[in-house]
Amino acid sequence: MTSKTVLYVDHDLSRVEWFNQQVKPELDVETAFNGWDGVGAAIMYHPNLVVFNLGISVMTGLEAIRLIRSEESLKELPFLGFTIPRDKFLEEACMNEGCTTILEDLSDGLSSILKKHL
1495 MTSKTVLYVD HDLSRVEWFN QQVKPELDVE TAFNGWDGVG AAIMYHPNLV
1545 VFNLGISVMT GLEAIRLIRS EESLKELPFL GFTIPRDKFL EEACMNEGCT
1595 TILEDLSDGL SSILKKHL
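Following our numbering, the numbering of the sequence shown begins with 1495 at its first residue and continues without gaps.
Structure (structure tokens):
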């Protein structure tokens, strides 16, 4: 059985480590630490799902969604976004550009949310 791959994009190393602990070994995880690298990783790795800190540096989640959705092979890629602290304006703008859902809390039910979108 082929493992599913999740691209996790966040600049906070403690959250990156926490996320990896939550989903491995069931899922393969690719990581990017800024928005620009996140777009590149999505194009290069073609993950099954993206979990993206929408307020990240270099390129915001809004800009990243636009670029990822412009790639024909990634138009249907599930894109789960979050902001810390919560930024309702950015979250709404990202949903309007094709974000699949907003994660209100990374820890609360993460496993079931990921399974739902894989």
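From the three backbone atoms N, C-alpha and C, an ideal C-beta is built for every residue, glycine too.
- Under the three-state DSSP convention, the category Phe-1573 falls into: Taking the first residue of the sequence shown as position 1, residue 1573 is located at position 79. Phe-1573 falls in the strand class under three-state DSSP.
- So, do the region 1553 to 1567 and the region 1512 to 1524 have three or more beta carbon pairs nearer to each other than 8 Å? no
- Query: Name the DSSP bridge partner or partners of His-1522?
  - Reply: If you number the sequence shown from 1, residue 1522 lands on position 28. First, the residue type needs correcting, since residue 1522 is Asp and not His in the sequence shown. Thr-1499, per the DSSP bridge assignment.
- Task: Assign Glu-1585 to one of two classes, buried (16 or more other C-beta atoms within 10 Å of its C-beta) or exposed (fewer than that).
- Result: Position 91 of the sequence shown, counting from 1, holds the residue named residue 1585. Result: buried.
- Item | Option in Thr-1594, Ile-1607, Gly-1532 and Phe-1573 with minimal Cα separation from Val-1544 | Walking along the sequence shown from the start, residue 1544 turns up at place 50. Looking at the Cα atoms, Phe-1573 is the closest of the given residues.
- Message: Which same chain residues end up closer than 7 Å to Ser-1508 when comparing Cβ atoms and leaving out the 5 residues on each side of it in sequence?
- Response: Taking the first residue of the sequence shown as 1, we reach residue 1508 at position 14. Same-chain partners within the cutoff: there are none.
- Taking 8 Å as the threshold, find out whether the region 1496 to 1507 comes into contact with the region 1580 to 1595 through three or more Cβ pairs. no
- Message: Just verifying my parser: in three-state terms, what is the DSSP assignment at Val-1510?
- Response: Start at 1 with the first residue of the sequence shown, and residue 1510 comes out as number 16. Looking at Val-1510 - three-state DSSP - the assignment turns out to be helix.
- C-alpha gap between Val-1500 and Asp-1581, whole angstroms: In the sequence shown, the residue the question calls residue 1500 occupies position 6. In the sequence shown, the residue the question calls residue 1581 occupies position 87. When rounded, the distance between both Cα atoms is 23 Å.
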